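Visitor: In our numbering, the protein residues as written are 17 to 389. Quick reminder that beta carbons are idealized off the backbone N, C-alpha and C, glycines included. Just so it is clear, the structure is predicted and the values come from calculations on it, not from any experiment.
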Ligand SMILES: *Cc1c(COP(=O)(O)O)cnc(C)c1O
C-alpha cells in the first residue's frame, strides 16, 4: 500500500486532443508537441510515447537532458531543444540526435567543431527575438549573424523560429502583428544570404489560434495538448473540443467532529461556525498543492463540493465534509478533475493561486504518483 495521493493522466484524452487539434488546423501544418518540464507535470516519457503512436511530427524540450530522457525511452521523432545547450553539451546533443536552438555564434561554433570531429553535419534551428526579449537573435542583428554563420560547414540551418510575447491578449494584437512581420523579414534576410530552412515556426498554443497566419510550416503546442484552455486562449477565438488530461485525487485519512468555536490548522485561521465534520486529506504544498488555497479552494467529495478549511500544510489539507454525511476514511477526494456535473480545473486553481494552470500542473511534485490510463 501507499499514500493514496495520485495524479491520473488520461492518455486517451491526450490523443483525443491531438486528433482534435489536427482536424481543426488541417493537414499541411506540422505539429511539435512541447513536453518540457516533464510534459507540464504530465510525464514526458509516457505522453511522448502516446503522441509518437499518434504520429506526432516533432517533440520540443527545454534542455538537452530532457531530450536524452526521451531518446533513452525509445522516442525516435526529431527533438527540438528549445533552450539550446550549454557549452560542453554539444557532443551530447549530437550523440542523441537532438536539434538545438542556436542564438549566438559561440554555440554555432561549438556545434560545428563537435560535428567536424564526428565527421557529420548537424541540424540546428535559429531563434529570432521578435519582441519577447528573451533568448534569440535580435532582429537588428540578423544580417551580421547570418553572415557569421556561413563560416561553419559542419552545421545545417534546418529551421527558424520565434516566440510570441502576448498572443493570448486581445489588447496586444498590434504587437503580435509586428512580431509576425519581423519574423518574415528575418527569414527573408537569412534566405538572401543563401540559407534555405525547411521549417519555420512561431506559434505556441495561443498564437496558433489567435493568429492562424503565424502557423507557417509547424506549430509548437503545449498547453492545449494537455487540455488547458481557459487561461491559454483568448476567450473569443474558435477552438476545437479539448479534454483535460490530468486529474488529481486522494482519499480521506481521518474525519473528526469539531465543535462550534473550535479552530483547525496552523495559525488557527478557521473557526467552526457550527458543529462540523472536518476531514484530513494527505496532500499539501509539499506536493505542489498551493498553500494560497487555504480557506479558499474547494474539492469534490461524493459528487459534492467541499471547502478547504484552515491552512494547507506541507503534507495535509483539511476539508469541511459536514454536508457530505457519508464521507469517511477512504472516501475519494477529487482535487482536480470532474465527477458528475462537478468540475475543478487546473485553471481554477491557477486563478485562486494568482498564477496560470501551467504552474499548477508543473508544480505537482514527485511524491505524487502518476497513474497512466
Ligand atoms: C513552452 C513553449 C511553447 C509552448 O507554449 P504553450 O503555450 O504551452 O503552447 C512553445 N514554444 C516555446 C519556445 C516554448 O518555450
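1) Let me confirm a value: residue 382 is counted as buried when at least 16 other C-beta atoms fall within 10 Å, else exposed. Which label applies?
2) Can you give me the Cβ contacts of residue 20 inside the same chain, cut-off strictly under 6 Å, excluding the 5 residues immediately before and after it?
3) Roughly how many whole angstroms lie between the Cα atoms of residue 73 and residue 307?
4) If I measure Cβ to Cβ from residue 358 and keep anything under 7 Å in the same chain, skipping five residues before and after, which residues do I get?
5) If you follow the beta strand (DSSP E) that residue 333 is in, where does it begin and where does it stop?
6) Does residue 177 pass the burial test, meaning 16 or more other C-beta atoms within 10 Å, or should it be called exposed?
7) Relative to ligand 1, is the shortest distance from any of its heavy atoms to the C-beta of residue 236 smaller than 7 Å?
8) Any chance the CB of residue 265 is under 7 Å from a heavy atom of ligand 1?
9) By Cβ distance below 7 Å, which residues in the same chain neighbour residue 301 in space, the five residues on each side in sequence not counted?
10) Helix, strand or coil for residue 345? Go by DSSP, reduced to three states.
11) Per DSSP, what kind of secondary structure is residue 250 in: helix, strand or coil?
12) Do residue 36 and residue 341 have their CB atoms nearer than 8 Å?
13) From residue 349 to residue 81, what does the alpha carbon distance come to, in whole angstroms?
14) Do residue 24 and residue 355 count as a contact pair if the criterion is CB distance below 8 Å?
15) Assuming residue 219 and residue 231 are in contact, meaning their beta carbons sit under 8 Å apart, how far apart are those beta carbons, in whole angstroms?
16) Verify the contact flag: residue 52, CB atom, against every heavy atom of ligand 1, threshold strictly below 7 Å.
17) Below 8 Å, how does it come out for the segment 127-140 and the segment 187-202: are there three or more Cβ pairs, yes or no?
18) Give every residue of the same chain whose Cβ lies closer than 8 Å to the Cβ of residue 343, excluding the five residues on either side of it in the sequence, and list them in chain order.
19) Three or more C-beta pairs closer than 8 Å, one from the segment 276-285 and one from the segment 244-259: is that the case here?
20) For ligand 1, I want to know if residue 239 counts as a neighbour, meaning its beta carbon is within less than 7 Å of at least one of the ligand's heavy atoms.
21) Any heavy atom of ligand 1 closer than 7 Å to the CB of residue 179?
22) Since residue 2 and residue 108 should fall inside the 8 Å C-beta cutoff, what is the C-beta to C-beta distance between them, to a whole number of angstroms?
23) For ligand 1, is there any heavy atom lying closer than 7 Å to the beta carbon of residue 444?
24) Any heavy atom of ligand 1 closer than 7 Å to the beta-carbon of residue 33?
25) Could you tell me whether the Cβ atoms of residue 151 and residue 205 are closer together than 8 Å?
26) Hey, quick one: how far does the alpha helix (DSSP H) through residue 320 stretch, first residue to last?
27) Taking 7 Å as the cut-off, is the beta-carbon of residue 221 closer than that to any non-hydrogen atom of ligand 1?
28) Could you tell me if the beta carbon of residue 350 falls within a distance shorter than 7 Å of some heavy atom in ligand 1?
29) Check whether the Cβ of residue 144 lies closer than 7 Å to any heavy atom of ligand 1, and answer yes or no.
30) Is residue 353 helix, strand or coil by DSSP?
31) Rank 111, 188 and 289 by C-alpha distance to the C-alpha of residue 87 and give the top, closest one.
32) Go ahead and pull the three-state DSSP assignment for residue 148.
33) At the level of alpha carbons, what is the spacing between residue 310 and residue 155?
34) For ligand 1, is there a heavy atom less than 7 Å away from the beta-carbon of residue 216?
35) If you follow the beta strand (DSSP E) that residue 358 is in, where does it begin and where does it stop?
36) By how many angstroms is the C-alpha of residue 211 removed from the C-alpha of residue 361?
Guide: On the basis of the supplied data:
1) The sequence position of residue 382 within the chain shown is 366, counting from 1. So residue 382 counts as exposed.
2) By one-based count along the chain shown, residue 20 stands at place 4. Once the five neighbours on either side are set aside, the close Cβ partners of residue 20 are 266 and 267.
3) Against the chain shown, residue 73 aligns to sequence position 57. Against the chain shown, residue 307 aligns to sequence position 291. When rounded, the distance between both Cα atoms is 39 Å.
4) Along the chain shown, read from residue 1 onward, the residue named residue 358 stands at position 342. Excluding sequence neighbours, residue 358 sits near 316, 319 and 321.
5) The residue you call residue 333 lines up with position 317 of the chain shown. Counting along the chain, the beta strand (DSSP E) containing residue 333 begins and ends at 333-336.
6) Locating residue 177 in the chain shown gives position 161, where the first residue counts as 1. The residue is buried, with at least 16 neighbouring Cβ atoms inside 10 Å.
7) Walking along the chain shown from the start, residue 236 turns up at place 220. Flag set: Cβ of residue 236 near ligand 1.
8) Against the chain shown, residue 265 aligns to sequence position 249. No - ligand 1 has no heavy atom lying nearer than 7 Å to the Cβ of residue 265.
9) As a first step, residue 301 must be located in the chain shown, where it is residue number 285. Here the set comprises 307, 328 and 330.
10) The residue given as residue 345 occupies position 329 in the chain shown. DSSP places residue 345 in coil when its eight states are reduced to three.
11) Counting from one through the chain shown, the residue named residue 250 turns up at place 234. For residue 250, the three-state secondary structure derived from DSSP is coil.
12) What you label residue 36 is simply residue 20 of the chain shown in a count that begins at 1. What you label residue 341 is simply residue 325 of the chain shown in a count that begins at 1. At the C-beta level, residue 36 and residue 341 stay beyond 8 Å of one another.
13) The residue you call residue 349 lines up with position 333 of the chain shown. The residue you call residue 81 lines up with position 65 of the chain shown. Residue 349 and residue 81 have their alpha carbons spaced roughly 35 Å apart.
14) Taking the first residue of the chain shown as position 1, residue 355 is located at position 339. Taking the first residue of the chain shown as position 1, residue 24 is located at position 8. Between residue 355 and residue 24, the C-beta gap is not smaller than 8 Å, which leaves the two residues out of contact.
15) Reading the chain shown from its first residue, position 203 is the one you call residue 219. Reading the chain shown from its first residue, position 215 is the one you call residue 231. Contact flag correct, Cβ pair sits at about 5 Å.
16) Here residue 52 is taken as the residue at index 36 of the chain shown, counted from 1. At least one heavy atom of ligand 1 falls within 7 Å of the beta-carbon of residue 52.
17) When C-beta atoms of the segment 127-140 are compared with those of the segment 187-202, fewer than three pairs fall below 8 Å, so the two segments do not count as touching.
18) The residue labelled residue 343 in the question sits at position 327 within the chain shown. Non-local beta-carbon contacts of residue 343 in its own chain, meaning distances under 8 Å to residues more than five positions away in sequence, involve 268, 271, 293, 295, 317, 318, 322 and 337 in chain order.
19) With the cut-off at 8 Å, the segment 276-285 and the segment 244-259 do not touch.
20) For the purposes of this step, residue 239 is identified with residue 223 of the chain shown, where counting begins at 1. Yes; taking the cut-off as 7 Å, the Cβ of residue 239 has a heavy atom of ligand 1 nearer than that.
21) If you number the chain shown from 1, residue 179 lands on position 163. Residue 179: yes, Cβ under 7 Å from ligand 1.
22) With the chain represented from 17 up to 389, any question about residue 2 goes unanswered, as that position is not in the structure.
23) No statement about residue 444 is possible, as the shown extent of the chain runs from 17 to 389 and does not include it.
24) Indexing the chain shown from 1 puts residue 33 at position 17. Result no, Cβ not under 7 Å from ligand 1.
25) Residue numbering aside, residue 151 sits at position 135 when the chain shown is read from its first letter. Residue numbering aside, residue 205 sits at position 189 when the chain shown is read from its first letter. The answer is no: Cβ separation not under 8 Å.
26) On the chain shown, position 304 is the one that residue 320 refers to. Note, residue 320: premise wrong, no alpha helix (DSSP H); beta strand (DSSP E) at 320-323.
27) As a first step, residue 221 is located in the chain shown; it is residue number 205 there, counting from the start. Yes, the beta carbon of residue 221 sits closer than 7 Å to at least one heavy atom of ligand 1.
28) Taking the chain shown and counting its residues from 1, one reaches residue 350 at position 334. Residue 350: no, Cβ never under 7 Å from ligand 1.
29) Walking along the chain shown from the start, residue 144 turns up at place 128. Checking the 7 Å criterion, the Cβ of residue 144 is out of range of every heavy atom belonging to ligand 1.
30) Start at 1 with the first residue of the chain shown, and residue 353 comes out as number 337. In this structure, residue 353 counts as strand in the three-state DSSP scheme.
31) Here residue 87 refers to the residue found at position 71 when the chain shown is read from its first residue. For residue 87, the nearest C-alpha among the options comes from 111.
32) As a working note, residue 148 is residue 132 in the chain shown. DSSP places residue 148 in coil when its eight states are reduced to three.
33) Taking the first residue of the chain shown as 1, we reach residue 310 at position 294. Taking the first residue of the chain shown as 1, we reach residue 155 at position 139. Straight across, the Cα-Cα distance linking residue 310 with residue 155 is about 46 Å.
34) By one-based count along the chain shown, residue 216 stands at place 200. Result no, Cβ not under 7 Å from ligand 1.
35) The residue you call residue 358 lines up with position 342 of the chain shown. For residue 358, the enclosing beta strand (DSSP E) stretches over residues 358-360.
36) Residue mapping note: residue 361 aligns to position 345 of the chain shown, counting from 1. Residue mapping note: residue 211 aligns to position 195 of the chain shown, counting from 1. The alpha-carbon atoms of residue 361 and residue 211 are separated by roughly 45 Å.
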